[in-house]
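Chemist: In full-length UniProt numbering, the protein residues as written are 1 to 154. Below: one structure in structure tokens.
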Amino acid sequence: MSPYDFGEALTMSGTKVETLTVVAENVANILTGKITKIEPHPNADKLIVCTVDMGTDERVIVTAAKNVFVGAIVPVAVDGAVLANGTKIGTNDFRGLLSYGMFCSIEELGMNTDLFSKEIMEGILILPKNTPLGMDARELLWLNDVIIDVELTA
């Protein structure tokens with residue numbers, strides 16, 4: 001049953017649903033990946049080229065992020081991904097090198113920014129070392145949760 005069907009069922013049962021919110025509803029195609037190699041970009045001083053193990057394949061991501069390192073497990077928006085603000089991600093050319101996606105910050109994932117420190121907010125989200133590779137970030141980070149606000153009556 002979809003969250004909206006559940007909200008409708010609550011309403012039909014006599015429970016007034018004030019609001020129904022799906023956390024990061026638009027976020028799609030963001031998977032976990034492990035950075036295995038970092039090299040300077042040959043044509044851009046502020047960019048780096050990362051090789052990322054996605055669990056089933058490897059891909060190259062070009063980034064300007066300063067907090068990434070070899071061994072870091074990060075959320076990767078792969079080709080066809082949609083960020084929380086609706087931005088669609090594809091393969092892009094960064095000064096002559098193709099980037100097959102992008103690394104994601106907390107804000108790009110649609111997470112509540114009030115819950116994190118300034119240091120965490122300023123970079124790419126670094127996930128725990130034991131995070132499975134290729135996992136859907138929505139599931140991992142509970143971004144598919146639903147908040148239903150109901151009116152309580154006496």
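Glycine residues also receive a C-beta, built at the ideal position from the N, C-alpha and C atoms. Remember, predicted model here, so these are calculated numbers, not experimental data.
#1: Is it true that the CB of V49 sits closer than 7 Å to the CB of H41?
#2: Taking A137 as the reference, give the member of V74, S99, N67, I38 with the closest Cα.
#3: By a C-beta neighbour count over all protein chains shown, 10 Å radius and 16 as the cutoff for buried, is M1 buried or exposed?
#4: With DSSP collapsed to three states, give me the class of A64.
#5: Assign G33 to buried or exposed, taking buried as 16 or more other Cβ atoms, counted over all protein chains shown, within 10 Å of its Cβ.
#6: Would you report the Cα separation of D57 and N130, rounded to the nearest angstrom?
#7: Between which two residues does the alpha helix (DSSP H) holding A9 run?
#8: Ends of the beta strand (DSSP E) at A28?
#9: Alpha helix (DSSP H) containing E139: first to last residue?
#10: Looking only at DSSP bridge pairs, what is C50 linked to?
#11: So L98 packs on T87, CB below 8 Å; how close in whole Å?
#12: Nearest by alpha-carbon distance to residue 181: which of G96, K118, F69, G110 is it?
#13: K88 by DSSP, collapsed to three states: which one?
#14: Roughly how many angstroms separate the alpha carbons of L47 and G96, rounded to a whole number?
#15: Classify T19: buried if its beta carbon has 16 or more other beta carbons within 10 angstroms, exposed otherwise.
#16: Would you give the residue range spanned by the alpha helix (DSSP H) that I106 belongs to?
Modeler: Taking the definition as stated:
#1: yes
#2: V74
#3: exposed
#4: coil
#5: buried
#6: 18 Å
#7: 3 to 12
#8: 28 to 40
#9: 137 to 140
#10: I38, I61
#11: Not really, about 18 Å apart at Cβ, beyond 8 Å.
#12: The requested residue 181 does not occur in the structure, where the chain is confined to residues 1 to 154.
#13: strand
#14: 12 Å
#15: exposed
#16: 106 to 109
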